[in-house]
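Asks:
Residue numbers (my numbering): 7 to 338.
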């Protein structure tokens, strides 16, 4: 999975811009500016709750085309103490770095790129990760003969790629029928723990948006997306987006292991509606024609509707342990 997505010469993310109608999928920031504006307002509010630490940096993991960062910066420009905040983009794709530079040209003097979070200077973080963790590699284990044995990729009798069962095993308390699959993501957990440690040490906050499940449980969620439709994960290595649903319970444990406090997850729709999505849409639509208002209504439905992104996609916040909680109920 890591090779298919990140190989320098043939990886899916390193060789193309996958977003938009001409690509393979669309993310929330590309649907409407309202998403990024609400995220920016939440970051400013959480920054104040954490004591408005000076020297904060806006950090985005996997920043796509830079659209989310641009919308967030438009909001932060109105917040005293954040109007000139430095921007750190954690991005490994040369193609997407170029698009981000174009989108954020007005902020060129304060934007830096890094291959990993470790490259971001030590400072209070206002960190955003939108559809970042789902693209990190997972390991799968198959229930076989009473044990969890690792699922691997090999060749079948015709020389085509095929799934099989290898010798590796994992010890876990989960029991399940024969053939059930359990997914773990050491890469996601390691980055979440690093984020937690940075926030515990330097202050700030983080907010994560992704599709996934609240609790750790068996299930095969590995999927491939190509041209806005699902495809066989083994059919076109390096040509399809490979993702797996995020285990928010595991992320929360990792944030805590780093020393920070996770809040949520709650549905993306619940988050956006609670922070004023409908009110923002009404304001943007005021005085505009029918077509513009219909487009805004469609964007609200896509972002927050239960049959679109509102329920499957979830939001989780992370703060230091000694600050008032942000507007996130149902902490794990």
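By construction, the Cβ of each residue, glycine as well, lies at the ideal position given by its N, Cα and C atoms.
Since this is a predicted model, take the numbers as computed values, not measurements.
1) For the stretch 161 to 181 and the stretch 111 to 131, state whether three or more C-beta atom pairs, one from each stretch, are separated by less than 8 Å.
2) May I have a chain-ordered list of the beta strand (DSSP E) segments no shorter than 3 residues that lie completely inside the stretch 94 to 120?
3) Does DSSP put residue 338 in a helix, a strand or coil?
4) Counting C-beta neighbours from all protein chains within 10 Å, is the total for residue 147 16 or more, i.e. buried, or is it exposed?
5) Tell me the DSSP secondary structure of residue 85 in three-state form.
6) Just the C-alpha distance for residue 195 and residue 252, rounded to the nearest angstrom, thanks.
7) Keeping to the same chain, check which residues put their C-beta closer than 6 Å to that of residue 199; ignore five residues upstream and five downstream.
8) Label residue 144 either buried or exposed according to how many other C-beta atoms from any shown protein chain fall within 10 Å of its C-beta, with 16 as the threshold for buried.
9) Hey, residue 155 and residue 169 are a contact pair by Cβ (cut 8 Å); roughly how many whole angstroms apart?
10) So what does DSSP say about residue 243, is it helix, strand or coil?
11) Which residues mark the beginning and the end of the beta strand (DSSP E) in which residue 325 is found?
12) So the candidates are 275, 130 and 298; which of them puts its Cα closest to the Cα of residue 310?
13) Going along the chain, which residues of its own chain have a beta-carbon closer than 7 Å to the beta-carbon of residue 33, five neighbours each way excluded?
14) For residue 18, count neighbouring Cβ atoms within 10 angstroms of its own Cβ and tell me buried if that reaches 16, exposed if not.
15) Return the CA-CA distance between residue 325 and residue 292, expressed in angstroms with no decimal places.
16) Of all the CB atoms in chain D, is at least one closer than 8 Å to the CB of residue 40?
17) Taking the C-alpha atoms as reference points, what is the distance between residue 149 and residue 222?
18) List the DSSP bridge partners of residue 153.
19) Would you kindly report the start and end of the unbroken beta strand (DSSP E) that includes residue 173?
20) Looking only at C-alpha atoms, which of 192, 110 and 129 sits nearest to residue 61?
21) Please list the segments of the beta strand (DSSP E) lying wholly inside the stretch 21 to 82, counting only runs of 3 or more residues, in order along the chain.
22) Pairing CB atoms from the stretch 206 to 213 with CB atoms from the stretch 49 to 67, are three or more of them under 8 Å?
23) Please state the DSSP three-state secondary structure of residue 142.
24) With a threshold of 16 other CB atoms inside 10 Å of the CB of residue 16, please say whether the residue is buried or exposed.
25) Can the beta-carbon of residue 43 be found less than 8 Å from the beta-carbon of residue 77?
26) How would you call residue 336, buried or exposed, if buried means at least 16 neighbouring beta carbons within 10 angstroms?
27) Buried or exposed: which applies to residue 205, given that a residue is buried once 16 or more other Cβ atoms fall within 10 Å of its Cβ?
28) Please state if the CB of residue 73 and the CB of residue 12 are separated by a distance shorter than 8 Å.
29) Please find out if some non-hydrogen atom of the ligand NAP comes closer than 7 Å to the beta-carbon of residue 241.
30) Rounded to whole angstroms, what is the Cα-Cα separation between residue 277 and residue 321?
Replies: Let me lay it out:
1) no
2) 117 to 120
3) Stepping through the chain shown from its first residue, residue 338 is reached at position 332. Bear in mind that a pLDDT of 34 at residue 338, under 50, signals an unreliable position, so the number given afterwards is only what the model happens to contain. Correct three-state label for residue 338: coil.
4) Residue 147 sits at position 141 when you count from the first residue of the chain shown. The residue in question, residue 147, is buried, as its Cβ has 16 or more Cβ neighbours within 10 Å.
5) As a first step, residue 85 must be located in the chain shown, where it is residue number 79. Coil at residue 85, not helix or strand.
6) Residue numbering aside, residue 195 sits at position 189 when the chain shown is read from its first letter. Residue numbering aside, residue 252 sits at position 246 when the chain shown is read from its first letter. Each residue's alpha carbon lies about 10 Å from the other.
7) If you number the chain shown from 1, residue 199 lands on position 193. Cβ within range, chain order: 260, 263 and 264.
8) In the chain shown, residue 144 corresponds to position 138, counting from 1. Looking at its Cβ environment, which holds 16 or more other Cβ atoms inside 10 Å, residue 144 is buried.
9) For the purposes of this step, residue 155 is taken as residue 149 along the chain shown, with counting starting at 1. For the purposes of this step, residue 169 is taken as residue 163 along the chain shown, with counting starting at 1. Between residue 169 and residue 155 the Cβ distance is about 12 Å, and since that is not below 8 Å, they are no contact.
10) Mapped onto the chain shown, residue 243 falls at position 237. Here residue 243 sits in coil by DSSP.
11) One-based indexing of the chain shown puts residue 325 at position 319. 319 to 325 is the extent of the beta strand (DSSP E) around residue 325.
12) Residue 310 sits at position 304 when you count from the first residue of the chain shown. When only C-alpha atoms are compared, the closest one is 275.
13) Counted from its first residue, the chain shown places residue 33 at position 27. Once the five neighbours on either side are set aside, the close Cβ partners of residue 33 are 25, 70, 136 and 137.
14) Residue numbering aside, residue 18 sits at position 12 when the chain shown is read from its first letter. With 16 or more other Cβ atoms within 10 Å, it is buried.
15) For the purposes of this step, residue 325 is identified with residue 319 of the chain shown, where counting begins at 1. For the purposes of this step, residue 292 is identified with residue 286 of the chain shown, where counting begins at 1. When rounded, the distance between both Cα atoms is 36 Å.
16) This model lacks chain D altogether; it includes just one protein chain.
17) The sequence position of residue 149 within the chain shown is 143, counting from 1. The sequence position of residue 222 within the chain shown is 216, counting from 1. Their Cα atoms are separated by approximately 16 Å.
18) For this step, residue 153 is matched to residue 147 along the chain shown. Paired residue(s): 150.
19) Residue numbering aside, residue 173 sits at position 167 when the chain shown is read from its first letter. Note, residue 173: beta strand (DSSP E), 167 to 176.
20) Within the chain shown, numbered from 1, the residue matching residue 61 stands at position 55. The shortest C-alpha separation from residue 61 is found at 129.
21) 63 to 67
22) yes
23) On the chain shown, residue 142 is found 136 positions in, with the first residue counted as 1. Note: residue 142 maps to coil in three-state DSSP.
24) In the chain shown, counting from the first residue as 1, residue 16 sits at position 10. Flag for residue 16 reads exposed.
25) Position 37 of the chain shown holds residue 43. Position 71 of the chain shown holds residue 77. It is a contact, given that the beta carbons lie within the stated cut-off.
26) Counting from one through the chain shown, the residue named residue 336 turns up at place 330. Only weak support is given to the placement of residue 336: the predicted model assigns it a pLDDT of 48, under 50, and the question is left unresolved by the model.
27) Here residue 205 refers to the residue found at position 199 when the chain shown is read from its first residue. Label assigned to residue 205: buried.
28) Taking the chain shown and counting its residues from 1, the one referred to as residue 12 is at position 6. Taking the chain shown and counting its residues from 1, the one referred to as residue 73 is at position 67. No, Cβ-Cβ distance for residue 12 and residue 73 is not below 8 Å.
29) As presented, the structure is devoid of all ligands, the ligand NAP included, so that no description of it is given.
30) As a working mapping, residue 277 is identified with position 271 in the chain shown. As a working mapping, residue 321 is identified with position 315 in the chain shown. Each residue's alpha carbon lies about 7 Å from the other.
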